[in-house]
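Asks:
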Amino acid sequence: MNPDANRVPRLRFAPSPTGIPHIGNLHTALFCWALARALGGDFILRIEDTDQARNTPEAIQQMLAALAWLGIDWDEGPDVGGDYGPYVQSQRLERHLAVAKALLASGHAYYGDDPQHPAGANNQPLRLRMPRHGAIILHDALRGPIRFDSSHRPGREDPILLRSDGRPLYHLAAMTDDHDMGITHVVRGEEWISSTPIHIRLYQAMGWPQPVWVHLPLILNKRGEKLSKRDPEGGYLISDFQAAGYLPAALWNYLLLMGWSPDGEQEIIDKWTVRQQFRLARLSASPAVFDWDKLNWVNRQYMQRLDDEQLTGLLAPFLEEAYGTLPANTAWLRQLTALLRTELVRLADAVDLAEWAFVDTFDYVAEAQAALASPPAGIILPHLIAELAQTVLLDAATAGSILAGLRHRLGQPHGWNQRALFWPIRAALTGRVKGPPLADIMGLLGKQRCMARLAAAFQLTRQD
Ligand code: GLU
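FYI, in the numbering used here the residues of the sequence shown are 83 to 546.
(1) Decide if G493 is buried, meaning its Cβ has at least 16 other Cβ atoms within 10 Å, or exposed.
(2) State yes or no: is the C-beta of S172 nearer than 7 Å to some heavy atom of the ligand GLU?
(3) Does the beta-carbon of P160, which I'm using as the reference point, lie nearer than 7 Å to any heavy atom of the ligand GTP?
(4) For G122 and R89, what's the separation of their Cα atoms in angstroms?
(5) Taking the alpha carbon of G341 as the point to measure from, which residue in V296, Q292, A203 and L329 has its own alpha carbon closest?
(6) Which stretch, first to last residue, makes up the beta strand (DSSP E) that contains R489?
(7) Please classify D131 as buried or exposed, where buried requires at least 16 neighbouring CB atoms within 10 angstroms.
(8) If distances are taken between C-alpha atoms only, which option among A363, A534 and R416 comes closest to T443?
(9) Can you give the Cα-Cα distance for G317 and D434, rounded to whole angstroms?
(10) Does the contact criterion of 3 or more C-beta pairs under 8 Å hold for the stretch 294-311 versus the stretch 349-358?
(11) Pull up the distance between the alpha-carbon of D260 and that of A331, whole angstroms please.
(12) With DSSP as the reference, please indicate the residues paired to A370 in a beta bridge.
(13) Which runs of the alpha helix (DSSP H) at least 4 residues long sit entirely within the stretch 249-280? Give them in chain order.
(14) Determine whether the beta carbon atoms of S246 and Q206 lie at a separation below 8 Å.
(15) Using 10 angstroms around the beta-carbon of L503, count the other beta-carbons present and answer buried if the total reaches 16, otherwise exposed.
(16) What are the uninterrupted segments assigned as alpha helix (DSSP H) that are 4 or more residues long and contained completely in the stretch 490-535, given in chain order?
(17) Should W498 go down as buried or exposed, given a rule of 16 or more other Cβ atoms within 10 Å for buried?
(18) Going by beta carbon distance, what residues of the same chain come within less than 7 Å of R177, once the five residues before and after it are set aside?
(19) Return the bridge partner residues of F125 from the DSSP annotation.
(20) Is A182 closer than 8 Å to H254 when the C-beta atoms are compared?
(21) With distances taken from CA atoms, which of S98, W151 and E239 is nearest Q134?
(22) Helix, strand or coil for Y193 per DSSP?
(23) Would the stretch 320-338 and the stretch 148-168 be scored as touching if the rule is three or more Cβ pairs under 8 Å?
(24) Is it right to say L475 is buried, meaning 16 or more other beta carbons lie within 10 angstroms of its own, or is it exposed?
(25) Can you give the Cα-Cα distance for L251 and T100, rounded to whole angstroms?
(26) Taking CB distances under 8 Å as the criterion, tell me whether P293 reaches chain C.
(27) Express the C-alpha separation of Q472 and Q530 in angstroms, rounding to a whole number.
(28) Kindly confirm or deny that the stretch 157-172 and the stretch 273-283 touch, where touching means at least three C-beta pairs closer than 8 Å.
(29) Would you mind reading off the limits of the beta strand (DSSP E) that contains I228?
(30) If you count every other CB in all the chains shown that lies within 10 Å of the CB of G226, and 16 or more means buried, which is it?
(31) By a C-beta neighbour count over all protein chains shown, 10 Å radius and 16 as the cutoff for buried, is P293 buried or exposed?
(32) Starting from D390, trace the alpha helix (DSSP H) in both directions and tell me its first and last residue.
(33) Is any heavy atom in the ligand GLU found nearer than 7 Å to the beta carbon of V268?
(34) List the endpoints of the continuous alpha helix (DSSP H) containing D431.
(35) With a threshold of 16 other CB atoms inside 10 Å of the CB of M83, please say whether the residue is buried or exposed.
(36) Per the DSSP calculation, W151 is bridged to which residue(s)?
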């Protein structure tokens with residue numbers, strides 16, 4: 083039985099701040115957080131900065147910001163403090179050294195490279211004495227018992243706790259911190275399984291009760307490969323997801339589905355569902371596959387739930403970055419959003435979809451060029467220009483009746499179908515042949531911009 087069964091569960095995410103957080107880090111963080119919340123326990127953030135050469139202060143900030151963006155909150159951590167601080171590993175050096183000393187005194191650690199003939203402390207690494215017989219069993223909560231035969235330890239080299247310059251290494255620092263912080267469940271990626279015998283040995287040598295070990299499966303791309311920075315299927319840094327305009331709640335939701343299944347067919351979940359249903363028993367130990375189509379679907383679900391005003395607020399920074407300062411008229415922007423929303427998968431898609439609304443001179447796609455070169459175009463465009471010239475204010479309703487009039491007066495007598503009639507107009511106004519309803523586009527552009535675009539496109543029609 084777990085000796086800690088009566089303690090409040092305490093789970094930690096312990097990133098090494100060595101670069102921009104990627105989806106693998108965040109998936110681990112999220113699962114750890116979800117388990118903490120479902121168990122009614124504490125979630126602790128600890129920064130593991132023992133590898134001084136590779137750490138940067140920006141990376142710590144980026145990690146905190148990424149977690150917060152994703153909707154992960156922590157009860158204790160470097161920024162919020164807590165009863166078990168400090169929460170930055172390098173500031174806990176004294177304790178690491180004290181544990182090293184205790185292990186040396188009890189004979190569980192020795193200086194030098196030879197367990198039979200320990201050296202003096204001078205310029206020698208301190209090593210943990212690993213057993214040479216029997217086996218160490220890791221009881222992984224997802225995978226069951228995993229046996230490590232002690233007589234087959236690779237190289238039979240004992241792991242280093244303190245470097246020869248006296249600095250603690252990861253194994254010593256992290257396990258000391260886990261114990262001192264009262265961590266009950268160590269949740270981390272499966273790449274740590276092979277180190278766990280060292281960790282178990284350390285716990286045993288110190289007489290500490292072991293935590294529950296949970297090693298989460300890897301995330302793979304659709305080809306079954308580990309995710310990498312240059313993955314052909316897409317970027318997996320948190321900044322890539324932000325730049326593409328995935329909603330944090332959607333990414334949160336999708337990441338949770340990678341390795342956990344809630345009850346029934348439910349796929350859109352909330353924090354309440356996580357609290358109620360996130361159980362170790364429901365987690366999978368097999369690798370999760372990152373499925374962009376599924377993420378896009380989830381993102382659309384979340385996007386559809388936003389009203390026009392909320393969505394406008396989220397699209398604005400993307401549009402502003404692409405097209406400069408936005409019109410002060412927020413009603414105009416809201417109308418634009420309403421037109422775009424059905425086609426949006428990610429927020430950044432709006433940049434391309436809304437190009438016609440911001441840019442007055444554009445290239446015409448091949449189909450648009452063909453529509454403008456078709457015989458009806460040379461007749462329709464001047465007609466429409468003449469109609470528009472007579473309007474005072476062009477809104478979508480007025481545009482709708484003008485278009486209906488054109489269909490009646492030109493389309494029917496000439497036998498032109500919708501496409502023959504309206505593609506040239508759409509091509510002239512947007513450079514494309516697909517998009518939101520034409521009357522809405524005209525209403526948003528207004529009289530002057532429509533007339534200018536129709537006149538420019540008229541040059542491209544055949545006037546024979
Ligand atoms: N600092 C380690 C990492 O970044 C954490 C390992 C652990 O959770 O024990 O992967």
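Glycine included, each C-beta is placed from N, C-alpha and C at the ideal position. Keep in mind that this is a model prediction, so the values were computed, not measured.
Replies: Let me spell this out:
(1) It is buried - the Cβ of G493 has at least 16 other Cβ atoms within 10 Å.
(2) Taken from the Cβ of S172, every heavy atom of the ligand GLU lies 7 Å or farther away.
(3) Inclusion of the ligand GTP in the displayed structure is not the case, the ligand content consisting of the ligand GLU alone.
(4) Their Cα atoms are separated by approximately 11 Å.
(5) Out of V296, Q292, A203 and L329, V296 has the C-alpha closest to the C-alpha of G341.
(6) Careful: R489 lies outside any beta strand (DSSP E) and carries neither H nor E.
(7) By the 10 Å Cβ count, D131 comes out buried.
(8) For the residues A363, A534 and R416, the minimum Cα distance to T443 belongs to A534.
(9) Inter-residue distance for G317 and D434 is about 20 Å (C-alpha atoms, whole angstroms).
(10) In short, these stretches do not touch, since the Cβ pair count stays below three.
(11) When only Cα atoms are considered, D260 and A331 end up about 30 Å apart.
(12) Beta-bridge pairing links A370 to I301.
(13) Assignment of alpha helix (DSSP H) within the stretch 249-280, counting only whole runs of 4 or more residues, yields 252-262 in chain order.
(14) The answer is yes: Cβ separation under 8 Å.
(15) L503 comes out buried.
(16) Within the stretch 490-535, the complete alpha helix (DSSP H) runs of at least 4 residues are 500-512.
(17) Buried.
(18) Short of 7 Å from the beta carbon of R177, and not among the five residues preceding or following it, lie these beta carbons of its own chain, in chain order: T258 and D262.
(19) Assignment of beta-bridge partners to F125 by DSSP yields L93.
(20) One detail in the question is off: residue 254 reads as Leu in this sequence, not His. Yes, Cβ-Cβ distance for L254 and A182 is below 8 Å.
(21) Relative to Q134, the option among S98, W151 and E239 whose CA is nearest is S98.
(22) The answer is strand: DSSP assigns Y193 an E or B state.
(23) Yes, since at least three Cβ pairs between the stretch 320-338 and the stretch 148-168 fall closer than 8 Å, the two stretches touch.
(24) Exposed.
(25) Between L251 and T100, the C-alpha separation is close to 16 Å.
(26) Of the chains in the structure shown, none is chain C; there is only one protein chain.
(27) Looking at the two C-alpha atoms, the distance is approximately 12 Å.
(28) Because the criterion of three Cβ pairs below 8 Å is not met, the stretch 157-172 and the stretch 273-283 do not touch.
(29) Counting along the chain, the beta strand (DSSP E) containing I228 begins and ends at G226 to D231.
(30) Classification for G226: exposed.
(31) Counting every other CB atom within 10 Å of its CB across the protein chains shown gives P293 a total of 16 or more, marking it as buried.
(32) Looking at the DSSP string, the run of the alpha helix (DSSP H) that includes D390 is D390 to Y405.
(33) The answer is yes for V268.
(34) It spans D431 to L435 - the alpha helix (DSSP H) in which D431 sits, taken as one unbroken run.
(35) Confidence at M83 is low in this model, with a pLDDT of 39, below 50, so its placement is unreliable and no value can be given for it.
(36) Paired residues: none, contrary to the question.
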